[in-house]
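Per the UniProt record's numbering, residue 1 is the first one in the sequence shown, and the count goes up by one each step.
We treat Cβ as the ideally placed atom computed from N, Cα and C, and that holds for glycine.
Keep in mind it's a predicted model, so treat the numbers as computed, not measured.
These notes are about the structure you will find just below.
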Amino acid sequence: MQIPGRLGEGASERQIRRPFDSLWDGSEMDPLWVESVLRVGKKRYRVILNGLHFSWTQLDKQNRDKKTVSVPVSELIGVEEGKAEIQPQKKVEESELHFTVFSVKRGRHGGGSARLWTVGRTQFTCSSRDLRDHWVTKLRAALREKSGSRPQRLLVFINPFGGKKRGVQIYRTLVSPLLELAGISAHVVVTERANQARDHILKKELTGFDGVVCVGGDGMFSELLHGVIGRTQQEAGLSEHDPTVTLQPCNLHIGIIPAGSTDCVCFATVGVNDPVTSTLHIIIGDSQPLDVCSVHHLNSLVRYSVSMVGYGFYGDVLAESERHRWMGPLRYDYSGCMMYLSNRSYSGVVQFLPADPQYSSPRDNTRCLSGCRVCSESTERLFPQSDASSNASSYSTSQYSQDSSLSDGDWVSLEGRFRCVSLTCMSSSCPRSPLGLSPAAHLADGTGDLILVRDTHAMGFLKYLHRHTNTEDQFDLPFVEVHRVRAVRFSLPPGEVESDEEEKVEEGEKGMEEGKVELEGERDRPTRRSVSQQHLAERGEERGMGDYRKKKKRDFLCGPCCSRAPSVSVWNCDGEILPYTDILCRVHGQLVRLFARGIEDGAGTRNCRAGSRKCKGRCVLHT
Ligand SMILES: Nc1ncnc2c1ncn2[C@@H]1O[C@H](COP(=O)(O)OP(=O)(O)OP(=O)(O)O)[C@@H](O)[C@H]1O
């Protein structure tokens, strides 16, 4: 076949494959290699597809190279014959000489300083139909061969009531056309009740699906998380309740299309909250491992968390905001102000199992960005017998050698009064706090950061809170300490337990109903079914909320600035109130995988003058 090459019409494929320029990768044998002179609009381009890149270089009249655009094959979305458009809706104009390539394009900064991904569209004009067909065949072959990790079939759950109730519309207009373009089929479930997605994943047949995707907020993500982890443990015959058990890492990837009022997990793992960016990460099969914290009470699993488990201020804000749901998202600001003004602190005993300090520290001024060295070295440590590059696709129990013991190592114990106690498995950055709760935390190193804010005066605490919104170091305060940990226990000091029990007895005497629920809870304990299978946690939550609401009703009767502050707070676990105060948290390294790649270099940071004294070089490290 005669294929027009860079030398013009009639150059043979052999001529074209000569190693004549800098893009030649030395691979004479690369079956995907193809090069031609094509047109984009009226301009001539030398277009090359090699094993790893598809690139086009503008030529001047003397055939000299001008500007080059190069796209990794892994970031090609699809190829269409003819003149195709995808937005605002798919339209293809038949043409024998044209083909259109869709690829990932980094766009403007979105919501912080991270870049949005958009769909780049380039229409190439060939000199013959043969050449056009040749290019389409080669590009599609490249897509197939070089993108083994791309999903083929997805199970999508849409929460029609999440955020601004635009989930269905977002999926129909922004997500579905891109999946179709990429040749990915999707089975869509629009949820009709809470926990439907979780139950579906736990109970229904999932053969053939390469991933589950939620269109919603952090609550929907949590459903998928519990479903995927629960199912994996069921299939592996492991008990989720035992905190010493090494859980089986999950092969089914999770995708998040942000459409909620809080989309923190998406922001912390992608860098922006944007449905198109997230869809593109799913399409190209990005894979980001994620640590998960299991939260236990009396050897029963209560919940899983990936973002934050917080007691004191963060628990109080959540509980207060629940009373003001009618305010919409504004309720968090309102409740934050009220809880700040109420100036509370709580007694507690905190015990933790420190992580090995030789690998990283919460104050080493690094950021966990895409391709993070600390996380990839952790992969080798967590999965020593597996090929680190291939463990993205599958794990087996025998390969998985995570340190399961909570008894080895020395537990450190601290007691005192705290404004807040928080454990986070990731930086927990969000648009309002672009560096997050713990800026140097890692997504996938098998550790969490324990932040203890001891009781202090109101201005000191305000300073601490304010530093989350700028580049100042929130840990550089005398009443704040941070520890990188593998596990944490929290309990009330003995005296506090007694007074709390007294309160409960008082309340118990006032209402038989509460006692009835307790008994039901007790009845569940001996059988201890999987939290994910069952409804133990759910019932526990209701019970806990009941206790808490009753107590709060009394505490808040005279407003948050009431003279008698409660002696016990509640735990906020990724936006859900936990029904227990005494808990044990264990971090499970890389337990799940998301369709994401972490925050790309230069993303997720704020504009900050390099070398600014206050940022202590943090900005320099990741701009
Ligand atoms: N059809 C449904 N009806 C009612 N609740 C649902 C439905 N589908 C999902 N949910 C529940 O709604 C909760 C919130 O959903 P999601 O996280 O998507 O939205 P959100 O607006 O960010 O939530 P939040 O109200 O917590 O800010 C989830 O915990 C989920 O379990």
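Whole-angstrom distance between residue j and residue i, CA atom to CA atom
i: GLY460; j: SER176; result: 49 angstroms
i: ARG323; j: ARG331; result: 9 angstroms
i: VAL367; j: GLU96; result: According to the sequence displayed, residue 367 carries Arg and not Val. When rounded, the distance between both Cα atoms is 49 angstroms.
i: SER429; j: LEU443; result: 11 angstroms
i: ARG153; j: ASN159; result: 20 angstroms
i: ASN391; j: HIS253; result: Confidence at ASN391 is low in this model, with a pLDDT of 46, below 50, so its placement is unreliable and the value that follows should be read with caution. Using only the alpha carbons, I get a separation of about 13 angstroms.
i: ALA141; j: ASP356; result: 46 angstroms
i: VAL592; j: VAL213; result: 13 angstroms
i: SER438; j: GLU481; result: 11 angstroms
i: ILE184; j: HIS200; result: 21 angstroms
i: THR279; j: VAL350; result: 41 angstroms
i: ILE229; j: CYS250; result: 6 angstroms
i: ARG64; j: LEU76; result: 26 angstroms
i: CYS420; j: GLY310; result: 7 angstroms
i: ARG115; j: PRO566; result: 44 angstroms
i: THR471; j: LEU435; result: 8 angstroms
i: ARG108; j: ARG198; result: 35 angstroms
i: ASP582; j: THR447; result: 21 angstroms
i: ARG381; j: ARG373; result: 12 angstroms
i: CYS425; j: PRO362; result: 11 angstroms
i: HIS241; j: LYS146; result: 41 angstroms
i: ILE284; j: SER74; result: 6 angstroms
i: ALA186; j: VAL156; result: 7 angstroms
i: GLY508; j: LEU318; result: Note that GLY508 scores a pLDDT of 35, beneath 50, so its modelled location is shaky and nothing firm can be said.
i: SER413; j: LEU423; result: 15 angstroms
i: THR173; j: VAL190; result: 15 angstroms
i: SER345; j: VAL119; result: 49 angstroms
i: GLN474; j: GLN288; result: 27 angstroms
i: GLY217; j: LYS61; result: 53 angstroms
i: GLY589; j: TYR314; result: 25 angstroms
i: GLN123; j: GLU180; result: 19 angstroms
Distance cut-off 7 angstroms: residue i Cβ against heavy atoms of ligand 1
i: GLU193; result: Note that residue 193 is Arg in the sequence shown, not Glu. Under cutoff, so the answer is yes.
i: GLY227; result: no
i: PHE267; result: no
i: ASP218; result: yes
i: GLY575; result: yes
i: PRO431; result: no
i: ASN159; result: yes
i: residue 639; result: The structure shown does not extend to residue 639, since the chain is modelled only from 1 to 623, so the question has no answer here.
i: GLY589; result: no
i: GLU223; result: yes
i: SER335; result: no
i: GLY162; result: yes
i: GLN62; result: no
i: GLN169; result: no
i: GLY328; result: no
i: GLY255; result: no
i: SER149; result: no
i: GLY315; result: no
i: GLN196; result: yes
i: GLY260; result: yes
Reference residue i; option with closest CA among the options
i: ALA596; options: SER491, THR581, CYS266; result: CYS266
i: ARG150; options: SER239, GLN248, LYS83, ILE282; result: ILE282
i: LEU477; options: GLY41, ARG454, TYR171, LEU492; result: ARG454
i: ALA487; options: GLY416, HIS457, ASN470, ASP410; result: ASP410
i: VAL71; options: VAL92, LEU143, ARG39; result: LEU143
i: LYS66; options: ARG46, GLY78, SER74, GLY82; result: ARG46
i: VAL276; options: LEU301, TYR304, CYS264, TRP117; result: TRP117
i: PRO431; options: LEU178, GLY495, CYS264; result: CYS264
i: CYS573; options: THR57, THR379, VAL292, GLU600; result: VAL292
i: SER300; options: GLU180, TYR580, THR269, LEU594; result: TYR580
i: PRO493; options: VAL40, GLU415, ILE599; result: GLU415
i: ILE577; options: GLU320, HIS98, VAL156; result: GLU320
i: ARG417; options: SER376, ASN365, ASN343, TYR359; result: ASN343
i: ALA441; options: PRO329, SER347, SER307; result: SER307
Take every Cβ of the stretch 217-229, pair it with every Cβ of the stretch 194-209, and state whether three or more of those distances are shorter than 8 angstroms.
Yes, the stretch 217-229 is in contact with the stretch 194-209.
For the stretch 122-139 and the stretch 32-45, state whether three or more C-beta atom pairs, one from each stretch, are separated by less than 8 angstroms.
A contact is defined here as three or more CB-CB pairs under 8 angstroms, and the stretch 122-139 meets this definition with respect to the stretch 32-45.
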